[in-house]
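Asks: Chains A and B, in that order, are what the protein sequence lines are. Just so you know, numbering that gives the first Met the number 0 puts the end of the first sequence at 347, numbered straight through with nothing missing. Just so you know, numbering that gives the first Met the number 0 puts the end of the second sequence at 347, numbered straight through with nothing missing.
Protein chains: 2
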Amino acid sequence: MIKWLELDGAESEVVISSRIRLARNFSGYNFTNKLKPEEAESIIKEVENAIIYGTSAIRDDFKSLRMAEIDKLEKGILLEKHLISRDIAKSELSAALVKDDETVSIMVNEEDHIRIQALFPGFRLDDAWDIADKIDDLLEERVGYAFDERLGYLTACPTNVGTGMRASIMMHLPALVELGYIDGVLKAANQIGLAVRGIYGEGSQAKGSIFQISNQLTLGRKEEEILGNIKGLSKQLISKELEARSFLHKNHGMKFEDKIYRSLGILKSARTIDSNEAMNLLSNVKLGIEMGLIDDMKSREIDKLFIEIQPAHQQSMSGQNKAQERDVKRAEYLRKELSQNINEDKEV
Amino acid sequence: MIKWLELDGAESEVVISSRIRLARNFSGYNFTNKLKPEEAESIIKEVENAIIYGTSAIRDDFKSLRMAEIDKLEKGILLEKHLISRDIAKSELSAALVKDDETVSIMVNEEDHIRIQALFPGFRLDDAWDIADKIDDLLEERVGYAFDERLGYLTACPTNVGTGMRASIMMHLPALVELGYIDGVLKAANQIGLAVRGIYGEGSQAKGSIFQISNQLTLGRKEEEILGNIKGLSKQLISKELEARSFLHKNHGMKFEDKIYRSLGILKSARTIDSNEAMNLLSNVKLGIEMGLIDDMKSREIDKLFIEIQPAHQQSMSGQNKAQERDVKRAEYLRKELSQNINEDKEV
């Protein structure tokens with residue numbers, strides 16, 4: 000189960016999720032690359048005290064996961080759910096404090112001492128900012144942050160100095176990819192200090208046509224200004240993508256529908272399928288749902304499948320750790336999930 | 000409806016149909032290329048008198064179709080059902096006497112004055128020979144055949160002289176194609192005086208992996224000898240094809256099943272499909288049925304679809320004569336037919 004995906008999302012026909020990440024460091028310690036094990040442990044304890052063992056109203060909502068104590072498979076699942084980063088998964092001296100509903104994850108001793116992440120389904124960047132900001136305030140009351148009056152928050156990597164904030168929107172842009180507009184979008188975003196990147200592969204090769212819009216600059220701008228820029232570009236992208244979808248449907252109607260229904264047909268019948276192919280077929284099905292061509296499934300169900308068909312989730316569900324066997328189990332899982340949706344709807 | 004396909008067939012897991020064609024000419028007329036219109040008409044009348052207007056037991060089973068009187072679409076359908084040839088469809092001075100159950104078609108004024116064809120589903124070459132031979136005897140009693148004591152039956156083209164017989168077996172050889180053995184089979188057959196040809200395209204490019212085994216020689220051999228050779232090679236091919244299927248299933252089980260189920264998934268979901276792609280996907284589904292992977296459809300239903308998805312049948316059913324619109328109607332037809340089969344079986 001992917002809890003954060005169960006929440007309400009807004010404008011989810013193009014936007015999959017919204018995320019805020021704040022990088023913070025303690026003033027009394029070296030950055031993590033020069034941290035001794037006992038210092039690393041002490042930082043984890045300080046964060047746990049502030050969040051879990053303190054008197055805060057949210058203390059019961061969090062659990063602390065020590066990376067040294069959980070196995071590779073569990074880390075893989077947290078990673079695929081976007082709750083931890085690849086870097087922290089490799090570290091033995093780090094922890095993640097994860098909120099019950101999975102909307103907040105506080106990574107300790109990643110590249111920075113603290114990385115606060117807030118993640119919501121749909122176009123909910125303000126909600127993500129609100130909760131990340133609250134957690135940040137709560138921590139700032141109890142621990143000493145490394146902060147410079149002129150520069151702002153100090154971070155291990157200079158690209159994060161200032162606000163320490165990375166805001167991002169995950170979007171599904173299949174029509175812009177199909178029409179070959181995506182590389183232009185990527186370049187244009189770059190020119191206004193934003194980055195558009197494929198989540199699962201770069202540029203027009205991005206699997207599932209899933210992209211992330213995020214700020215490149217953290218310094219010299221206020222948080223609200225950065226958020227405004229990202230929301231502005233996201234709204235433009237939403238409208239461009241919707242235009243491109245209408246164009247495709249109007250001008251290539253039958254070919255367009257054919258591609259969508261064939262994708263669903265293959266997903267519902269394949270006996271073996273790798274995650275890349277499944278991502279791309281699911282992307283077509285998601286588009287079909289959003290365009291009203293497929294009306295017995297929900298777009299959010301496909302977002303869930305995007306995550307669940309990844310290798311660690313598949314291994315956890317099926318117990319298969321060989322790629323070949325996982326492909327068979329993945330096909331089985333997709334057949335089951337996609338027929339279930341239809342049956343459920345038929346009963347309604 | 001394709002009546003001849005409704006009859007019983009034997010060993011139909013590889014053999015689709017068996018056919019005998021006898022070429023005969025009248026002694027009192029020029030060959031068709033030098034025939035005047037009134038002579039052509041007179042030949043048609045002689046055949047009609049012998050078969051339809053005579054006292055024969057079968058006279059009520061036949062109807063005579065004058066090629067000048069039926070439209071292009073109807074000719075196309077007879078052609079796709081394998082009841083007339085491409086040559087006769089182009090001629091205005093010819094006719095086809097077709098038996099009600101479509102197992103026998105007597106073409107008049109094709110390349111020869113008379114071509115008797117008998118066609119059965121499955122491996123029933125002897126049945127086809129029996130009925131063609133009986134029709135031949137019946138005609139020979141009433142009309143004067145061009146016959147030479149030394150050469151046998153005289154025909155317009157020297158390649159048919161002698162028995163005037165072309166016997167053929169239509170086979171589905173997808174596993175031999177898949178394993179790349181088909182070109183070798185084609186050459187080997189050639190060396191023993193038999194020809195193996197793709198029905199819808201040549202060699203390994205044959206659409207739907209459907210091939211016809213037939214004799215190349217008609218002279219200097221008795222009918223029984225020719226039939227024996229063809230049956231012998233056919234039996235070998237059946238056993239080679241079945242071996243190849245087992246090999247594929249044993250060694251590429253999951254990939255093999257995946258291809259079959261995906262083919263069915265695409266056929267059941269496509270919104271537009273041309274006849275070539277449909278032929279190849281149906282061929283995979285037919286293989287799946289014959290291997291017991293798909294148990295809610297019948298192989299003969301696929302044989303029927305092979306014919307029904309051809310352009311003239313599609314045009315007749317849908318009224319669409321533009322290729323693009325036919326592709327849409329074909330996809331619609333396939334979805335309907337393939338879901339029907341499943342529902343019918345679920346009720347059993």
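Note that CB positions come from ideal geometry on N, CA and C, so glycine has one too. It should be emphasised that the depicted structure is a prediction, and the values quoted were computed from it without experimental measurement.
Tell me the DSSP secondary structure of residue 171 of chain B in three-state form.
Replies: Here residue 171 of chain B sits in strand by DSSP.
Asks: Would residue 260 of chain B pass as an interface residue toward chain C - the criterion being a Cβ-Cβ separation below 8 Å?
Replies: Among the protein chains of the structure shown, namely A and B, there is no chain C.
Asks: What is the rounded straight-line gap between the Cα of residue 273 of chain B and the Cα of residue 224 of chain B?
Replies: Cα to Cα, residue 273 of chain B sits roughly 41 Å from residue 224 of chain B.
Asks: If you scan the segment 181-242 of chain A from start to end, which runs of the beta strand (DSSP E) of 3 or more residues do you find wholly inside it?
Replies: Fully enclosed beta strand (DSSP E) runs of 3 or longer: 193-197 and 209-214.
Asks: Measuring CB atoms only, is the segment 166-174 of chain A touching the segment 215-231 of chain A, in the sense that at least three cross pairs come out at less than 8 Å?
Replies: Contact holds: three or more Cβ-Cβ distances are below 8 Å.
Asks: Taking C-beta to C-beta, are residue 109 of chain A and residue 135 of chain A nearer than 8 Å?
Replies: Contact: no.
Asks: Taking Cβ positions only, does residue 63 of chain B come closer than 8 Å to chain A?
Replies: Answer no: the Cβ-Cβ gap between residue 63 of chain B and chain A never drops below 8 Å.
Asks: Under 9 Å, CB to CB, which of the residues in the segment 264-288 of chain B have a partner in chain A?
Replies: Within the segment 264-288 of chain B, the residues whose Cβ lies closer than 9 Å to some Cβ of chain A are 264, 265, 266, 267, 268, 269, 270, 271 and 272, listed in chain order.
Asks: Please report the distance separating the alpha-carbon of residue 50 of chain A from that of residue 170 of chain A.
Replies: Each residue's alpha carbon lies about 32 Å from the other.
Asks: Quick one: grab the DSSP three-state call for residue 23 of chain B.
Replies: In the structure shown, residue 23 of chain B sits in a strand (DSSP, three-state: E or B).
Asks: Let me know the secondary structure DSSP gives residue 30 of chain B once reduced to three states.
Replies: DSSP places residue 30 of chain B in coil when its eight states are reduced to three.
Asks: Specify the secondary structure class of residue 52 of chain B as computed by DSSP and reduced to three states.
Replies: Residue state, collapsed to three classes: coil.
Asks: Note down the Cα distance separating residue 327 of chain B from residue 89 of chain B, rounded to an integer number of angstroms.
Replies: If I take the Cα positions, the gap works out to 29 Å.
Asks: DSSP on residue 319 of chain B, reduced to helix/strand/coil?
Replies: The answer is coil: DSSP assigns residue 319 of chain B none of H, G, I, E or B.
Asks: Please confirm whether residue 206 of chain A has its beta-carbon closer than 8 Å to some beta-carbon of chain B.
Replies: So no, residue 206 of chain A is outside the interface.
Asks: Tell me, please, which residues DSSP counts as bridged to residue 114 of chain A.
Replies: Note: residue 114 of chain A sits in a beta bridge opposite A/22 and A/106.
Asks: Compile a chain-ordered list of the residues in the segment 244-256 of chain A whose CB is closer than 8 Å to at least one CB of chain B.
Replies: The residues in question are 253, 254 and 256.
Asks: Just to confirm the assignment, what range does the beta strand (DSSP E) spanning residue 65 of chain A have?
Replies: Here the beta strand (DSSP E) through residue 65 of chain A covers 61-65.
Asks: With DSSP run on the structure shown, which of helix, strand or coil describes residue 100 of chain B?
Replies: Residue state, collapsed to three classes: coil.
Asks: Could you check what DSSP says for residue 136 of chain A in three-state terms: helix, strand or coil?
Replies: Residue state, collapsed to three classes: helix.
Asks: Would you list, in chain order, the members of the segment 307-337 of chain B that have their beta-carbon closer than 7 Å to a beta-carbon of chain A?
Replies: For the segment 307-337 of chain B, which is checked against every Cβ of chain A, the residues closer than 7 Å are 327.
Asks: I need the DSSP call for residue 246 of chain B, collapsed to helix, strand or coil.
Replies: It is helical.
Asks: Residue 180 of chain B and residue 278 of chain B - do their beta-carbons sit closer together than 8 Å?
Replies: No, these two residues do not count as a Cβ contact at 8 Å.
Asks: Check for me: the alpha helix (DSSP H) holding residue 121 of chain A runs from which residue to which?
Replies: Looking at the DSSP string, residue 121 of chain A is not in any alpha helix (DSSP H), and its letter there is neither H nor E.
Asks: Taking a contact to mean a Cβ-Cβ separation below 8 Å, would you say residue 96 of chain A touches residue 46 of chain A in this structure?
Replies: Contact flag set, yes.
Asks: What residue range does the alpha helix (DSSP H) around residue 296 of chain A cover?
Replies: Element bounds for residue 296 of chain A: n/a, residue is neither H nor E.
Asks: Between the C-alpha atoms of residue 98 of chain A and residue 65 of chain A, what's the straight-line distance to the nearest angstrom?
Replies: Rounded to whole angstroms, residue 98 of chain A to residue 65 of chain A spans 14 Å at the Cα level.
Asks: Does DSSP classify residue 344 of chain A as helix, strand or coil?
Replies: Low confidence applies to residue 344 of chain A: its pLDDT is 38, below 50, so where it sits in the model is not reliable enough to give any reading.
Asks: Which word fits residue 190 of chain A, buried or exposed, when buried means at least 16 other C-beta atoms lie within 10 angstroms of its C-beta?
Replies: So residue 190 of chain A ends up on the exposed side.
Asks: Which of the three DSSP states is assigned to residue 16 of chain A in this structure?
Replies: It is a strand residue.
Asks: How would you label residue 150 of chain B, buried or exposed, when you count the other beta carbons within 10 angstroms and need 16 or more for buried?
Replies: With fewer than 16 other Cβ atoms within 10 Å, it is exposed.
Asks: Using a Cβ-Cβ cut-off of 8 Å, state whether residue 17 of chain A counts as contacting chain B.
Replies: No, residue 17 of chain A does not count as interfacial toward chain B.
Asks: Could you spell out the range, first to last residue, of the alpha helix (DSSP H) harbouring residue 58 of chain B?
Replies: From DSSP, residue 58 of chain B is part of no alpha helix (DSSP H); its letter is neither H nor E.
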